[in-house]
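If you read the protein sequences in the order shown, they are chains A and B. Quick note: to get the working numbering, add 1067 to the position in the first sequence (first position is 1). Quick note: to get the working numbering, add 78 to the position in the second sequence (first position is 1). Here a beta-carbon is modelled for each residue, glycine too, at the ideal position from N, C-alpha and C.
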Amino acid sequence: GNSVTQMEGPVTLSEEAFLTINCTYTATGYPSLFWYVQYPGEGLQLLLKATKADDKGSNKGFEATYRKETTSFHLEKGSVQVSDSAVYFCALSARSSASKIIFGSGTRLSIRP
Amino acid sequence: GAVVSQHPSRVICKSGTSVKIECRSLDFQATTMFWYRQFPKQSLMLMATSNEGSKATYEQGVEKDKFLINHASLTLSTLTVTSAHPEDSSFYICSASRAAGEGDTQYFGPGTRLTVL
């Protein structure tokens, strides 16, 4: 079945450090891929998405590229800020499953000033 | 655009009572709404999918008589936790998909924290 595996946290970085959170997926066909962010005590916000191979999603300095050959969608940011501290979820939606989203386990990111 | 609200944001109730949580799409029509449950420091688990005007589709292991879902209009879905017990305490999050345009993108509400005493 479809699944998402992402880097286990927590991840702690200093401000202005480079961030990578790994995400790989298993799916039949061509799923859409997402990164969602959850700030403390809040619901999820869509951070970025990509719907086909080699697409790059980007938002707020974060980027992720849909790599079909490696079935990956790693999240990167060149210089993190304290305000980026949150939990990040990688997710996929298979086109055959009526928009049902499958989430990874989440990665907690903490940024030190 | 694409704002989803939930009400209430936080509720505390006694064991045995029923609690209703509302999910609204404020600026778009949502043919499909989803209800998730999230335990502390864990990922979201899909409970059910509801389409406007039809019965909800529940995920395996979710009791449909315990978690009643109604999707009466294109902007409103409700989740009622019936005869709540302490083990039902959790963070409940809804999401909605637009009627057209973005297909599989879901927009999430801010969540409702339920505490059953």
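Looking at A:TRP1102, A:TYR1097 and A:PRO1180, the one whose alpha-carbon comes closest to that of A:GLU1136 is A:TYR1097. The beta carbons of B:SER103 and B:THR153 sit closer together than 7 Å. Its Cα nearest to that of A:GLY1124, the residue A:SER1099 stands out among A:GLY1110, A:GLU1109 and A:SER1099. Taking B:LYS144 as the centre and dropping the five residues before and after it, the same chain places the C-beta of THR160 closer than 6 Å to its C-beta, in chain order.
Linking A:PHE1156 to B:THR193 through their CA atoms gives a straight-line distance of about 25 Å. For the C-beta of B:LEU192, not a single chain A residue is nearer than 9 Å; the gap to the nearest is close to 14 Å. Contact with chain A is found for B:PHE186, since one of that chain's Cβ atoms lies less than 7 Å from the residue's Cβ. Taking 7 Å as the Cβ-Cβ cut-off, the region 1127-1144 of chain A has no residue approaching chain B.
In the three-state scheme derived from DSSP, where H, G and I count as helix and E and B as strand, A:SER1150 is classed as helix. The Cβ atoms of A:SER1152 and A:ILE1178 sit closer than 7 Å to each other. Between B:TYR185 and B:ILE99, the C-beta spacing is not below 7 Å.
Residue state for A:GLU1130 is assigned as strand, using DSSP reduced to three classes. From the beta-carbon of B:LEU124, the residues of chain A found nearer than 7 Å are LYS1167. Taking the CA atoms as reference points, B:GLN120 sits about 31 Å from B:SER151.
Cβ atoms of B:LEU122 and B:GLN116 come within 8 Å of each other, at about 5 Å.
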